[in-house]
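The structure appears right after this line, and notes come after that.
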Amino acid sequence: MKKFISEFKEFISRGSVMDLAVGMIIGAAFTAIVTSLVDDIIMPIISLISGGIDVSQMGIHLAGGGVIAIGNFVGAIINFIIIAFVIFCMVKALNKAQSMVKKPEPEAAPTTKICPFCKTEIALDATRCPNCTSQLQ
Ligand SMILES: [Zn+2]
350 MKKFISEFKE
360 FISRGSVMDL
370 AVGMIIGAAF
380 TAIVTSLVDD
390 IIMPIISLIS
400 GGIDVSQMGI
410 HLAGGGVIAI
420 GNFVGAIINF
430 IIIAFVIFCM
440 VKALNKAQSM
450 VKKPEPEAAP
460 TTKICPFCKT
470 EIALDATRCP
480 NCTSQLQ
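This is the structure in structure tokens:
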């Protein structure tokens, strides 16, 4: 149980949890905006175009008193498509920004040098050339 608590503390203290929380709060607010956009703006426009049919109230009334709420379902699908599209655009923009920020890898420090006498490649810290045996400074 103690291990469990310490693991939980470690999990909470990690920065990614806060990022996740911020993301969820923004996501919830964003979902509310999209739901309002669909219910209050898109659905009335659809019913206007379709000649006064209120799509959001559309449904099939069953004999037992239940309702198959097709309108709600269609609204949820439109919600999903809008959210998926916006997330797709965000991910695309993020990927582009990341690839712009990415710097070229620094060149590895040289480990060899060219012997001034025989022009062959030798170890950087060599004091005598292994090929022509010349003394090097
Ligand atoms: Zn040499």
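Okay, so the sequence shown: first residue is 350 according to my numbering, each after it adds one. Positions of the beta carbon are idealized from the N, C-alpha and C atoms, including for glycine.
Who are the near neighbours of residue i in its chain, counting only those whose CB is closer than 6 Å to its CB and skipping five residues on each side?
i, result
"residue 476", "485"
"residue 419", "407, 408"
"residue 466", "481, 483"
Give me, in chain order, the residues of the same chain whose beta-carbon lies closer than 7 Å to that of residue i; leave out the 5 immediate sequence neighbours on both sides.
i, result
"residue 470", "461, 463"
"residue 423", "404"
"residue 391", "427"
"residue 479", "471"
Expressed to the nearest angstrom, what Euclidean distance is found between the alpha-carbon atoms of residue i and residue j?
i, j, result
"residue 393", "residue 428", "15 Å"
"residue 448", "residue 387", "34 Å"
"residue 435", "residue 382", "12 Å"
"residue 350", "residue 358", "12 Å"
"residue 440", "residue 378", "19 Å"
"residue 402", "residue 396", "5 Å"
"residue 431", "residue 421", "15 Å"
"residue 414", "residue 369", "42 Å"
"residue 399", "residue 373", "36 Å"
"residue 371", "residue 412", "46 Å"
"residue 410", "residue 356", "52 Å"
"residue 384", "residue 425", "8 Å"
What whole-angstrom Cβ distance do residue i and residue j have, given they're in contact under 8 Å?
i, j, result
"residue 459", "residue 473", "6 Å"
Please report whether the beta-carbon of residue i lies at a distance below 8 Å from any beta-carbon of chain D.
i, result
"residue 364", "This model lacks chain D altogether; it includes just one protein chain."
When every heavy atom of ligand 3 is checked, does at least one fall within less than 7 Å of the C-beta of residue i?
i, result
"residue 461", "By its list of ligands, the structure shown excludes ligand 3, since it contains just ligand 1."
Where the beta carbon is closer than 6 Å to any heavy atom of ligand 1, which residues qualify, in chain order? Per the Cβ criterion, the list is 464, 466, 467, 469, 478, 480, 481, 483.
Extract the residue ranges of the beta strand (DSSP E) inside the segment 420-463, only unbroken runs of 3 or more that lie entirely within it. Runs found: 461-463.
Which ranges would you report for the alpha helix (DSSP H) in the segment 376-418 if only whole runs of at least 4 residues count? Runs of the alpha helix (DSSP H) lying entirely within the segment 376-418, each at least 4 residues long, are 392-398 in chain order.
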